[in-house]
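Novice: My questions will all concern the structure given below.
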Amino acid sequence: MDVEMETSPSYFDPEDRSTREQYRRYGKRHSTSGISPHQENSVEAGLLYDGNNFPRRPNAALFLEEIKQEVESFEADGLEGMPAKTPYASKRRSSLDGHGASELDGGSDSLSQVGIYLLKSCKHEDEALADVGETTFALFASLLDSALQGLMPIADLILQFENACRNVSESIRYGSNGRHRVIEDKLMRQKARFLLDEAASWSLLWYLYGKGNKSLTTNKDYFPTTSHLKACQFVMTDHTAQLCLRIVQWLEGLASKSLDLDNKMRGCHVGSHLPSSGIWHHTQRFLKKGVTDPTTVQHMDFDAPTRELAQQLPDDKKQDESLLEDVWILLRAGRPEEACELCRSAGQPWRAATLCPFGGLDQFPSIEALVKNGKNRTLQAIELESGIGHQWRLWKWACYCASEKIAEQGGKYETAVYAAQCSNLKRFLPICMDWESACWAMAKSWLDAQVDSTLAGFQPSRLEQLKNYGDAIDGSPGHGDQPLQPSVGSESWPCQVLSQQPRDLPALLQKLHSGDMVHEAVSRGCKEQQRQIEARVSTQKKDCIHNIILCVCVCAQDDDNVFRPHGDPQMIRFSAHLVLVLRYLLADQMTDAFREKLMTVGDHILNMYAMFLFTKQHEELVGVYASQLARHLCIDLFVQMMELRINESVRIKYKIFLSAMAYLPFSPGDDTKGSFEEIIERVLSRSREIKLGKYDKSSDVAEQHRLQSLQKAMVIQWLCFTPPSMIDDVAVVSAKLLLRALIHSNMLFREFALISMWRVPKMPIGAHMLFSFLAEPLKQPTETLLAFEDHDVPENLQEFQDWSEYYSCDAFYRNWLKSELENEEVSPLELSSEERQRSIEAAKETLKSSLLLLQRKESPWLAAAVDCIYESMEPVFLELHATAMLCLPSGECICPDATLCTALMSALYSSVSEELVLNRQLMVNVTISARDNHCVEVILRCLAVEGDGIGPHEINDGGVLGTVMAAGFKGELVRFQAGVTMEISRLDAWYSSKDGSLEGPATYIVRGLCRRCCLPEVILRCMQVPVSLVESGDPPESHDDLIELVACPESGLLRLFSQHQLQSSFLSSSKCKPYLFLDNLTVNAWICSKTRLDLKFIKLLPLTDLADNVGIAFLLQEFLLFEREYTICKMELQEETFADDS
0 MDVEMETSPS YFDPEDRSTR EQYRRYGKRH STSGISPHQE NSVEAGLLYD GNNFPRRPNA
60 ALFLEEIKQE VESFEADGLE GMPAKTPYAS KRRSSLDGHG ASELDGGSDS LSQVGIYLLK
120 SCKHEDEALA DVGETTFALF ASLLDSALQG LMPIADLILQ FENACRNVSE SIRYGSNGRH
180 RVIEDKLMRQ KARFLLDEAA SWSLLWYLYG KGNKSLTTNK DYFPTTSHLK ACQFVMTDHT
240 AQLCLRIVQW LEGLASKSLD LDNKMRGCHV GSHLPSSGIW HHTQRFLKKG VTDPTTVQHM
300 DFDAPTRELA QQLPDDKKQD ESLLEDVWIL LRAGRPEEAC ELCRSAGQPW RAATLCPFGG
360 LDQFPSIEAL VKNGKNRTLQ AIELESGIGH QWRLWKWACY CASEKIAEQG GKYETAVYAA
420 QCSNLKRFLP ICMDWESACW AMAKSWLDAQ VDSTLAGFQP SRLEQLKNYG DAIDGSPGHG
480 DQPLQPSVGS ESWPCQVLSQ QPRDLPALLQ KLHSGDMVHE AVSRGCKEQQ RQIEARVSTQ
540 KKDCIHNIIL CVCVCAQDDD NVFRPHGDPQ MIRFSAHLVL VLRYLLADQM TDAFREKLMT
600 VGDHILNMYA MFLFTKQHEE LVGVYASQLA RHLCIDLFVQ MMELRINESV RIKYKIFLSA
660 MAYLPFSPGD DTKGSFEEII ERVLSRSREI KLGKYDKSSD VAEQHRLQSL QKAMVIQWLC
720 FTPPSMIDDV AVVSAKLLLR ALIHSNMLFR EFALISMWRV PKMPIGAHML FSFLAEPLKQ
780 PTETLLAFED HDVPENLQEF QDWSEYYSCD AFYRNWLKSE LENEEVSPLE LSSEERQRSI
840 EAAKETLKSS LLLLQRKESP WLAAAVDCIY ESMEPVFLEL HATAMLCLPS GECICPDATL
900 CTALMSALYS SVSEELVLNR QLMVNVTISA RDNHCVEVIL RCLAVEGDGI GPHEINDGGV
960 LGTVMAAGFK GELVRFQAGV TMEISRLDAW YSSKDGSLEG PATYIVRGLC RRCCLPEVIL
1020 RCMQVPVSLV ESGDPPESHD DLIELVACPE SGLLRLFSQH QLQSSFLSSS KCKPYLFLDN
1080 LTVNAWICSK TRLDLKFIKL LPLTDLADNV GIAFLLQEFL LFEREYTICK MELQEETFAD
1140 DS
């Protein structure tokens, strides 16, 4: 890409007039000095240019001085607010008349301001350049999308790509009228040049694969046959000739479009000469003077220089050479009619007759030329008399002789004009100064030689001569550029030029790379990326195309950040679209091996380009390319994008969502295509995995889990976006997204509840983020959602409502706790009545919301309304998989080791009886997490039995696995470090078979575990609140409701409490009123009564620790029998009824 502009093909820069002088169309001649007319008017153009000239500086000092002058000009123009109306040259000063020392000393501030201004200017201009260049990304994606939707064929898509490249290149090169710095101007030229190179490659691809083959229909107008018809038939049937024909058409088309661009942008074009400019006026006047000069022709006919071995006057010869240069350029662009018209208008109709014989018929061997000639029977009439190909052979021979003779006289363009008509490659290849011209010369020469050889075959004598000559060529080593000596005369044609032609297309390309006759710039052009791709495309060896693409698009092998593609962005874009075009163009022609290779390499390039678009914030364009990837690559790509943009704005995330929904199927159906459901399932699953991080032992584990919960909750937003209306079954898709959001949210609510039982003011932000995401989708009608029969929709909706109520109670409690902690920091004397009242109101709200949650009778909290009964004839097992951190009561985390894992496993076994372990085949496995060594992986497995895994589960306490895990969550593991709790990161329960394969989720276990952990915590919090109310002088109206609720058999709450929690509840209750609760033995009595133990085993001892405001101890104990169960009733001390003495 860094090749100097001098080596680029001429059509890249229509303003390049290095080979032709400006204003030649007016017949004026200018000096050949190095200063162009434009440079003469702006010798001191400074560092800002208009995009046309590159002045040279004699030394570095002058260059630095010009930089200094540019800074001064910016200070004058930009900082002083003066519009730059004056030409830049008028502001220049000589380097010898620079500023004085005083000016430099006083200008430090202004120079700093100038520096800032220049930086901002450069930044804005660079952004503008980038915007112009990046328009191709969206443009190409739009065109490709139209083709994939069937709105245009792939052949038309190739033409659209070519036009898009040309339009953007023109916009970059000529769209800005402002002045640019040297580097900026060079970058603009490089971008414009690359796009023109790419346009050329798309054009070649269309000529070779998209143009198609036109059939030659039999028509009476083509009878009797002609040499032109025979030539067209030969080219249609011969693969090599057809390939040469299309390459010639391609290269002539490029040159023709370059001329059109020149005419459009410059207002002039090749061939705009004044009438009669080809007549030798100076020589004519010289001859009229009667002066005799042996070196000057004595006659004015066009054959005089050859016949008299003399020349016209230099001015006329120079004018002739200029005219012939334009004729050559027009012939190179495939415009012979314009070339002939130019000759006629210049006063040289004889030259037009030599270029277009047979009455001006188009003799190019293509179907288009045959149709263009129509019913013109001139050639038929000629060849009826002389025979097929006779006149053609004479014309070719005459052109060959003319090119050889003129070459001796030194007219390079006239030599090239006639040598190009007769395949005399050695005479016109040396003037081809770029890769395209040289390739055109070789391809056209080779094509014409093949046609001439075919036409010669219609005469048996000449056919034998050609065969013998061909055998001699094949047996001659190194014959390529060394012509053999054929017999002299037209009868031997085309033997004179056969030795100059390549044997095959690879030999042609090799000549371009290292031939003796090619220019150095042509050899350098062979090394450019686009030239290498074009060379391989032209050989039609499809298996070589993607290799060169892969070489120029090298992706970074960096596992830490795969979103870092290397290579030129425009080249990556071209490669990606080339791969897609080849896939569709050659779908019916590819072998299995080539198809597999193209798919593999193509997916790599497409994935690279999609990653590039993603890194450039073009997320909306990724879908059209991701849809063409293999299924696993498509899914991986979107999963990575969603994870990397999880914390970005809603607008950016919605672009990714729309890109996936618009271009991918929603549900999996085709094994070769990724679907949105597969992508979102992968995202949801990965979001629950442990995020690797550094843990500080002194850090608060609760806070770490709180922050991680926010990241887990963010993924739900992908399911809460509104699908685009253009997709099929948009209502069903919306309902499926909402249902999946509900299912995953409920799963997260369970995990968040188990990690948010810490009594701290901070809210569980993850849970509340989920509610905020689902608030708007749940406002929509749920008829479509409820219509799904393959999911427990009502149950998930009910569970969501349960969690909404639970987290509402949790929020009331934390608000009250926050108020209490704030009030504790203030002295009671300084605490205002408003603050006290605010705390009291928060406490009452907490009690009210909690009692509403706990006293639900028709639908107890988190109890399944309809039991999901699992029936199986084979033995069924239950498994619970948990990832957790071990946390001390202080909030510090414990880094586990093998000893700790063994101790934890033993403690989990001890949480149930040995009999239960044996009967249920309980197995516990604790290991250090492979993903995070601060976590442990706990796997519990037991046999499912009736009521716990098989049939309805009426108790709703999580069964035996819930009992084991609850002990760890509550920090009540026996034979383990006291107070250590398991802080959950991920929790799943499954049904499994005997061989250990997971069969389906056992949701009731996790729900029951949440009931076992959350409900006792809610009750304990509620018992904590009245203590504050009593201390505030505003005791609750009825505190007994909680005790009665726990003791009530119908509520089923008692079995959810552990012994430690019961003791905590009694302790809290004793602080609310002067209750005389019994000590631990009394608590044990209550427990025994609830488990139907005989009361004789319970001994009630008097309390010695009475309330502070009670002066006399009095015990009043009474047991009430409810439904054959013993219950200890709290005893209230009526203080006013007692005497002062004991």
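Numbering (numbering that gives the first Met the number 0) for the sequence shown: 0 to 1141.
Note that beta-carbon positions come from the ideal geometry of N, C-alpha and C, so glycine has one too.
In this text, all values refer to a predicted model and were calculated from it rather than measured experimentally.
#1: Can you check which of these residues, 654, 387, 1001, 320, is closest to residue 939 by C-alpha distance?
#2: Between which two residues does the alpha helix (DSSP H) harbouring residue 321 extend?
#3: Between which residues of its own chain and residue 424 is the CB-CB distance below 6 Å, once the five residues before and five after are set aside?
#4: Excluding five sequence neighbours on each side, which residues of the same chain lie with their C-beta closer than 6 Å to the C-beta of residue 739?
#5: Quick check on DSSP: helix, strand or coil for residue 709?
#6: Would you tell me roughly how many angstroms separate the C-alpha atoms of residue 235 and residue 330, rounded to the nearest one?
#7: Taking 7 Å as the limit between beta carbons, can you name the residues of its chain near residue 23, skipping five residues before and five after?
#8: Consult DSSP for residue 945 and reduce its assignment to one of helix, strand or coil.
#9: Straight-line CA distance for residue 422 to residue 374?
#10: Within 8 Å, do at least three Cβ pairs link the segment 947-956 to the segment 902-916?
#11: Counting Cβ pairs, one atom from each stretch, are 3 or more of them under 8 Å apart for the segment 569-589 and the segment 200-215?
#12: For a quick check, are the C-beta atoms of residue 135 and residue 181 less than 7 Å apart?
#13: In the structure shown, what three-state DSSP assignment does residue 985 receive?
#14: Please classify residue 339: does DSSP put it in a helix, a strand, or coil?
#15: Nearest CA to the CA of residue 955: which residue from 1012, 488, 916?
#16: With a cut-off of 8 Å on the beta carbons, I'd call residue 902 and residue 975 a contact; round off their distance for me.
#17: Report all residues from its chain with a CB closer than 7 Å to the CB of residue 608; omit the five preceding and five following residues, and keep chain order.
#18: Go through its chain and collect everything with a Cβ distance to residue 503's Cβ below 8 Å, but skip five positions before and after it.
#19: Could you tell me which of 977, 935, 931, 945 sits nearest to residue 918, measuring between CA atoms?
#20: Classify residue 765 as buried or exposed, calling it buried when 16 or more other Cβ atoms lie within 10 Å of its own Cβ.
#21: State the Cα-Cα distance for the pair residue 446 and residue 452, rounded to the nearest angstrom.
#22: Tell me the residue span of the alpha helix (DSSP H) that contains residue 878.
#23: Could you give the distance in angstroms between the alpha-carbon of residue 1155 and the alpha-carbon of residue 204?
#24: Assuming residue 601 is part of the alpha helix (DSSP H), what are its boundary residues?
#25: Grab the span of the alpha helix (DSSP H) containing residue 187 for me, first residue to last.
#26: Can you list, in chain order, the residues of its chain with a C-beta nearer than 8 Å to that of residue 1147? Leave out the 5 residues immediately preceding and following it.
#27: What residue does the beta strand (DSSP E) around residue 924 start on, and which one ends it?
#28: Please classify residue 859: does DSSP put it in a helix, a strand, or coil?
#29: What residue range is occupied by the uninterrupted alpha helix (DSSP H) comprising residue 632?
#30: Tell me the rounded alpha-carbon separation between residue 506 and residue 534.
#31: Just reading off the alpha helix (DSSP H) that residue 524 is part of, what are its end residues?
#32: Could you spell out where the alpha helix (DSSP H) holding residue 999 opens and where it closes?
#33: Against chain C, does residue 762 count as a neighbour if the rule is that its beta carbon must be under 7 Å from one of theirs?
#34: For residue 967 versus residue 1007, is the C-beta spacing smaller than 7 Å?
#35: Which residue wins for smallest C-alpha separation from residue 846, given the options 825, 815, 832?
#36: What residue range does the alpha helix (DSSP H) around residue 425 cover?
Specialist: This is what the structure holds:
#1: Within the sequence shown, the letter at position 940 stands for residue 939. Comparing Cα-Cα distances from residue 939 to each of 654, 387, 1001, 320, the minimum goes to 1001.
#2: Translated into positions along the sequence shown, residue 321 becomes position 322. Note, residue 321: alpha helix (DSSP H), 313-331.
#3: Along the sequence shown, read from residue 1 onward, the residue named residue 424 stands at position 425. Here the set comprises 444, 499.
#4: Residue mapping note: residue 739 aligns to position 740 of the sequence shown, counting from 1. Within the same chain, residue 739 has close Cβ partners 718.
#5: In the sequence shown, the residue the question calls residue 709 occupies position 710. In the three-state DSSP reduction, residue 709 falls in the helix class (H, G or I).
#6: Looking up residue 235 in the sequence shown gives position 236. Looking up residue 330 in the sequence shown gives position 331. Residue 235 and residue 330 have their C-alpha atoms roughly 23 Å apart.
#7: On the sequence shown, position 24 is the one that residue 23 refers to. Residue confidence is low: residue 23 scores 39 on pLDDT, short of 50, so the model does not pin down where it sits. Its coordinate-derived value is still stated next. Cβ neighbours of residue 23 beyond the five flanking positions: 321.
#8: Within the sequence shown, the letter at position 946 stands for residue 945. Reduced to three states, the DSSP call for residue 945 is strand.
#9: For the purposes of this step, residue 422 is identified with residue 423 of the sequence shown, where counting begins at 1. For the purposes of this step, residue 374 is identified with residue 375 of the sequence shown, where counting begins at 1. Approximately 28 Å between the Cα atoms of the pair.
#10: When Cβ pairs closer than 8 Å are counted between the two stretches, the segment 902-916 is seen not to touch the segment 947-956, the count staying below three.
#11: Result yes; three or more Cβ-Cβ pairs closer than 8 Å.
#12: Walking along the sequence shown from the start, residue 135 turns up at place 136. Walking along the sequence shown from the start, residue 181 turns up at place 182. One thing to note: residue 135 has its Cβ no nearer than 7 Å to the Cβ of residue 181.
#13: Sequence index remark: in the sequence shown, residue 985 carries index 986 (1-based). The answer is strand: DSSP assigns residue 985 an E or B state.
#14: Numbered from its first residue, the sequence shown carries residue 339 at position 340. DSSP places residue 339 in helix when its eight states are reduced to three.
#15: Within the sequence shown, the letter at position 956 stands for residue 955. Answer by Cα proximity: 1012.
#16: Here residue 902 refers to the residue found at position 903 when the sequence shown is read from its first residue. Here residue 975 refers to the residue found at position 976 when the sequence shown is read from its first residue. Contact holds; Cβ gap of about 6 Å.
#17: As a working mapping, residue 608 is identified with position 609 in the sequence shown. The residues are 571, 572, 575, 624.
#18: Reading the sequence shown from its first residue, position 504 is the one you call residue 503. These residues qualify, in order along the chain: 239.
#19: Your numbering for residue 918 matches position 919 in the sequence shown. Minimum Cα distance to residue 918 is reached at 945.
#20: Locating residue 765 in the sequence shown gives position 766, where the first residue counts as 1. With 16 or more other Cβ atoms from the protein chains shown falling within 10 Å of its own Cβ, residue 765 counts as buried.
#21: Against the sequence shown, residue 446 aligns to sequence position 447. Against the sequence shown, residue 452 aligns to sequence position 453. Distance between the alpha carbons of residue 446 and residue 452 is about 10 Å.
#22: Walking along the sequence shown from the start, residue 878 turns up at place 879. For residue 878, no alpha helix (DSSP H) encloses it; the enclosing beta strand (DSSP E) starts and ends at 876-886.
#23: The structure shown does not extend to residue 1155, since the chain is modelled only from 0 through 1141, so no value can be given for it.
#24: Stepping through the sequence shown from its first residue, residue 601 is reached at position 602. The continuous alpha helix (DSSP H) containing residue 601 extends over residues 591-614.
#25: Working through the sequence shown from its first residue, we reach residue 187 at position 188. Where residue 187 is concerned, the enclosing alpha helix (DSSP H) starts and stops at 181-204.
#26: Absent from the structure is residue 1147, since the part of the chain shown begins at 0 and ends at 1141.
#27: Residue mapping note: residue 924 aligns to position 925 of the sequence shown, counting from 1. It spans 922-927 - the beta strand (DSSP E) in which residue 924 sits, taken as one unbroken run.
#28: For this step, residue 859 is matched to residue 860 along the sequence shown. It is coil, neither helix nor strand.
#29: Reading the sequence shown from its first residue, position 633 is the one you call residue 632. Per DSSP, residue 632 is one residue of the alpha helix (DSSP H) stretching across 630-643.
#30: Counted from its first residue, the sequence shown places residue 506 at position 507. Counted from its first residue, the sequence shown places residue 534 at position 535. Cα-Cα distance, rounded: 12 Å.
#31: Residue numbering aside, residue 524 sits at position 525 when the sequence shown is read from its first letter. Counting along the chain, the alpha helix (DSSP H) containing residue 524 begins and ends at 519-524.
#32: Position 1000 of the sequence shown, counted from the first residue, corresponds to residue 999. Note, residue 999: premise wrong, no alpha helix (DSSP H); beta strand (DSSP E) at 997-1000.
#33: The structure shown has no chain C; it contains just one protein chain.
#34: Start at 1 with the first residue of the sequence shown, and residue 967 comes out as number 968. Start at 1 with the first residue of the sequence shown, and residue 1007 comes out as number 1008. At a Cβ-Cβ threshold of 7 Å, residue 967 and residue 1007 do not count as neighbours.
#35: The count along the sequence shown starts at 1 and reaches residue 846 at position 847. Its Cα nearest to that of residue 846, the residue 815 stands out among 825, 815, 832.
#36: On the sequence shown, residue 425 is found 426 positions in, with the first residue counted as 1. In the DSSP assignment, residue 425 falls within the alpha helix (DSSP H) that extends over 424-427.
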